[in-house]
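Visitor:
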Ligand SMILES: [Mg+2]
């Protein structure tokens with residue numbers, strides 16, 4: 001009887017050893033992920049998605065202007081991948097790069113405008129709606145950023161906020177929400193907040209959030 005049990009257990013162990021191994025779901029291959037980003041951009045789908053989101057933003061602003069034209073209205077715009085495009089630099093850096101490399105490119109101050117957002121900006125300014133840029137860029141990028149914004153057509157903004165050092169190790173949402181709160185306390189009604197990262201939009205102090213596509217990096 002004891003011998004039989006031992007034989008039975010040995011068989012079970014052998015069967016377990018022979019069972020098919022269970023592999024984890026392999027993440028998408030990195031090279032293929034980068035290729036998908038390039039395809040998304042080159043196919044025109046990225047531009048199309050931005051255009052559609054910007055249209056939603058513009059329609060909301062128009063509606064808001066017609067409903068209460070005398071309110072002290074404002075919109076808030078993020079900069080990177082919202083007002084300006086870093087695509088060429090991101091692609092050249094293989095959708096990676098160190099912070100130093102990324103800031104080096106930003107400080108050249110030659111990023112192109114994202115046209116549908118420039119159109120939104122110009123419509124806002126033409127209709128006496130204040131525009132505030134709230135960016136995660138560092139304060140020492142101010143000169144290059146201002147030059148870049150002006151040379152592509154963003155002129156006469158009402159405020160441009162850079163991320164202070166005390167917030168560098170914290171969520172972007174924390175700093176950006178604080179700035180929107182301060183703008184609200186100045187008496188503005190922020191009718192639109194537009195950004196490519198969810199952290200641009202979380203935290204309130206805006207009537208409507210519009211999310212642009214942001215597949216190239218993640219800022220929490
Ligand atoms: Mg951005």
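In the numbering used here, the protein residues as written are 1 to 220. In this text, a Cβ means the ideal position worked out from N, Cα and C, and glycines have one as well.
1. Can you name the start and end residues of the alpha helix (DSSP H) that residue 123 belongs to?
2. Could you tell me if the beta carbon of residue 81 falls within a distance shorter than 7 Å of some heavy atom in ligand 1?
3. Take residue 55 and list the residues in its own chain whose beta-carbon comes closer than 6 Å to its own, dropping the five residues that flank it on each side.
4. Have a look at residue 30 and residue 95 and give me their C-alpha separation to the nearest angstrom.
5. Give me the Cβ distance between residue 192 and residue 75, rounded to the nearest whole Å; I'm assuming they're in contact under 8 Å.
6. Quick check: the segment 38-56 against the segment 144-163, are at least 3 beta-carbon pairs closer than 8 Å?
7. Who are the near neighbours of residue 152 in its chain, counting only those whose CB is closer than 6 Å to its CB and skipping five residues on each side?
8. List the whole-angstrom C-beta distance separating residue 200 from residue 165, where the pair is believed to meet the contact cut-off of C-beta under 8 Å.
9. Between the C-alpha atoms of residue 204 and residue 174, what's the straight-line distance to the nearest angstrom?
10. Alpha carbons only, please: which of 67, 215 and 49 is nearest the one belonging to residue 117?
11. Nearest to residue 51 by CA position, among 24, 82 and 178, is which residue?
12. Compute the Euclidean distance between the alpha carbons of residue 67 and residue 185, then round it to the nearest angstrom.
13. Can you list, in chain order, the residues of its chain whose CB lies under 6 Å from that of residue 105, leaving out five sequence neighbours each side?
14. Given residue 107, which residues of its chain have a CB within under 8 Å of its CB, disregarding the five upstream and five downstream residues?
15. Based on the DSSP secondary-structure assignment, which residues constitute the bridge partners of residue 130?
16. What number of angstroms, rounded off, separates the C-alpha of residue 59 from the C-alpha of residue 97?
Guide: Reading from the atomic positions:
1. 115-126
2. yes
3. none
4. 10 Å
5. 4 Å
6. no
7. 113
8. That belief does not hold up - the Cβ atoms of residue 200 and residue 165 are roughly 20 Å apart, past 8 Å.
9. 11 Å
10. 49
11. 82
12. 22 Å
13. 89
14. 141 and 144
15. 74
16. 37 Å
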